[in-house]
RNA sequence: GCACCAGUAGCUCAGUGGAUAGAGCAAUGGCCUCCGGAGCCAUGUGCGGAGGUUCGAUUCCUCUCUGGUGCACCA
């Protein structure tokens, strides 16, 4: 149908088909006809006023059998396609495009580095963002046919472990760490900083311990390994709650024997220079501060390990892209590291290394801070949300089976959806009443809509294979819903291109809203079997679309809630 | 000081080089003896400011104001 329109216009206006196709890519406003042709795009090329062009083309096209009417409105040519033909095309296209598999990413590999918590630190509301966004990107790229490697680049190496060891030896105990886990490690870490503010020599001790770790000191490594194991166990609990997994836990420590190679490469390329006792790559030429490679005590730093990780990943997976989902405050760091890779003669670094920043999370307007106690842990948020859902279920649907399972799906879904609904880059001010609100633009609303679809289909006689009488779906609400559903394939591509899960989240919301209007306007369970079947087809398509869209966000759909 | 990011309705946020800039929250009023009321419908003086490019700018450019973040031995 779209092709027919393009034929019509290109013949009538004597224009290149590709050009007409491009112009038709601009989506028409919802109530402005089934296809709108914005002629102002041609104004420059043809040196005529847009309305003139519209009128001319309209006259040449005249009466065509697929069109209901043709209307010139300002600089737009609006095509009103015969509605039943339009509906038929929409349904058939969606059946293939929405629910078929994409081959767009076939043979391509994408590495996503996300979540990557710092060992021995609490997994708080800020870490939740990278985890949720990264997981959604994994789903989106997988849907497009890419092979995706999910990498958890744990912050399990670095000077902070020197600090922790010093603190543990001075103020900690085995019993306390075993009892309170990460919370105790966190306490020790905070204690260290308080003391180090008064006594700078503690920092030197910490560096010394880290240097011991780098040189394979057994005592240091035993303690370190213990801390890592304790932390990892807690993180995995949170991932399980979120329903997420990783393909690889390759923390910074994994690269500790690979940093020497990085240093050698840089030396060989003559990029390394000494500055204030440390080894750096000068990036002045690129308007950036130098990239620190080796500290004055000879130990590695995170940039070194990031470089090692890039080379390792490139060699192991030969990725087309490697994405880093971290806070926007690390933007400069990644710009520096990527530039260094490029300077080593790797042209691929330019396009394939991508930092995906997200905005800062604050708490009720104040900065997150462990020291002042202004912090919320990821697990607490999830559990709180699940609890709230239990309350709502008890009130609205007390007879529901598997309440706990549903509460988990809906509660976690609420948190995920809330986090993915806005653009990544926006700063987030965490507010309990927002997060725990389930009305309006929320995950539970979309899930609720899904449940309604499921409920309708459960309760009626519906033959999914019967031929549809398209002329029965010509009302405004049905067509609006169909148009919405048909956007799905493009939405997924846009989301992938922009690295923005919110595009999918917004889409899911739009579909849910369109469905609700349809639901209120058109009864599905009617006597007339043909009408019932036609509408049920729409319900079925909505249901599948919502499920697939939410799945791309890492959110599940209960059949009842 | 330099750099990066953001500024759209009371609040939280979508959106676009072009038709009348949209949702949700909050508020008020309404909705089917009928498929799930976590729903639907109605009510809106808003693109931080000033220039510029353009037939047309909320969108692109410059300056400016406000907020956030970063700027070597933390990650």
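In the working numbering, the protein residues as written are 362 to 922. Note that the Cβ used here is the ideal one computed from N, Cα and C, for glycine as well. Please read these numbers as outputs of a predicted model, since none were measured by experiment.
Exercise for the section: Please confirm whether residue 610 and residue 758 have their CB atoms less than 8 Å apart. Expected result: Not closer than 8 Å, so no.
Exercise for the section: Mind checking who residue 926 pairs with in its DSSP beta bridge? Expected result: Outside the displayed range of the chain (362 to 922) lies residue 926, so it cannot be described from this structure.
Exercise for the section: Indicate the three-state DSSP secondary structure (helix, strand or coil) for residue 814 in the structure shown. Expected result: Assignment of residue 814 by DSSP, reduced to helix, strand and coil, places it in the helix class.
Exercise for the section: Could you please give the first and the last residue of the uninterrupted beta strand (DSSP E) stretch that includes residue 668? Expected result: First-last for residue 668: 663-678, but that is the alpha helix (DSSP H), not the beta strand (DSSP E).
Practice task
Please list, in chain order, all residues of the same chain as residue 495 whose beta carbon is under 7 Å from its beta carbon, the five residues on each side excluded.
Solution key: Within its own chain, the residues whose Cβ lies closer than 7 Å to the Cβ of residue 495, once the five positions on either side in sequence are excluded, are 473, 475, 476, 686, listed in chain order.
Exercise for the section: Could you say which of 640, 575, 628, 678 lies nearest to residue 608 if we only look at CA atoms? Expected result: Selected option, being the one with the closest Cα: 678.
Problem - Through-space distance from residue 442 to residue 400, alpha-carbon basis - result: Rounded to the nearest whole angstrom, the C-alpha separation of residue 400 and residue 442 is 18 Å.
Practice task
Indicate the three-state DSSP secondary structure (helix, strand or coil) for residue 457 in the structure shown.
Solution key: Note: residue 457 maps to helix in three-state DSSP.
Exercise for the section: With DSSP as the reference, label residue 688 as helix, strand or coil. Expected result: Strand, per DSSP.
Exercise for the section: With DSSP as the reference, please indicate the residues paired to residue 640 in a beta bridge. Expected result: Looking at the DSSP output, residue 640 shares a beta bridge with 635, 655.
Practice task
State yes or no: is the C-beta of residue 653 within less than 8 Å of the C-beta of residue 623?
Solution key: When the beta-carbon positions are compared, residue 653 and residue 623 stay at least 8 Å from each other.
Practice task
Provide the residue(s) that pair with residue 439 in DSSP beta bridges, ordered along the chain.
Solution key: Bridge pairing for residue 439: 397, 432 [DSSP].
Handout entry: C-alpha gap between residue 588 and residue 842, whole angstroms
Key = When rounded, the distance between both Cα atoms is 53 Å.
Exercise for the section: Can you grab the Cα-Cα spacing for the pair residue 562 / residue 481, in whole Å? Expected result: Straight across, the Cα-Cα distance linking residue 562 with residue 481 is about 22 Å.
Practice task
List the whole-angstrom C-beta distance separating residue 904 from residue 829, where the pair is believed to meet the contact cut-off of C-beta under 8 Å.
Solution key: Taking C-beta atoms under 8 Å as the contact rule, residue 904 and residue 829 fail to qualify, at a distance of about 16 Å.
Problem - Helix, strand or coil at residue 863 [DSSP, three-state] - result: Here residue 863 sits in helix by DSSP.
Handout entry: With 16 other Cβ atoms within 10 Å as the buried cut-off, status of residue 395
Key = Around the CB of residue 395, 16 or more other CB atoms lie within 10 Å, so the residue is classed as buried.
Practice task
Measure the C-alpha to C-alpha separation of residue 455 and residue 447 and round it to an integer number of angstroms.
Solution key: The straight-line gap from Cα to Cα measures roughly 12 Å.
Handout entry: Beta-carbon proximity check, residue 721 vs residue 780, cutoff 8 Å
Key = In this structure, residue 780 does not lie closer than 8 Å to residue 721 by Cβ.
Practice task
Apply the 10 Å Cβ neighbour rule to residue 917 and answer buried if 16 or more other Cβ atoms are within range, or exposed otherwise.
Solution key: The residue is buried, with at least 16 neighbouring Cβ atoms inside 10 Å.
Problem - Rounded distance between the beta-carbons of residue 878 and residue 838, thought under 8 Å - result: Indeed, because the Cβ distance is near 5 Å, the residues count as touching under 8 Å.
Practice task
Tell me whether residue 511 sits in a helix, a strand or coil according to DSSP, three-state version.
Solution key: If DSSP states are grouped into helix, strand and coil, residue 511 belongs with the strands.
Handout entry: Nearest to residue 505 (by Cα), restricted to the options 688, 386, 910
Key = Ranking 688, 386, 910 by Cα distance to residue 505 puts 910 first.
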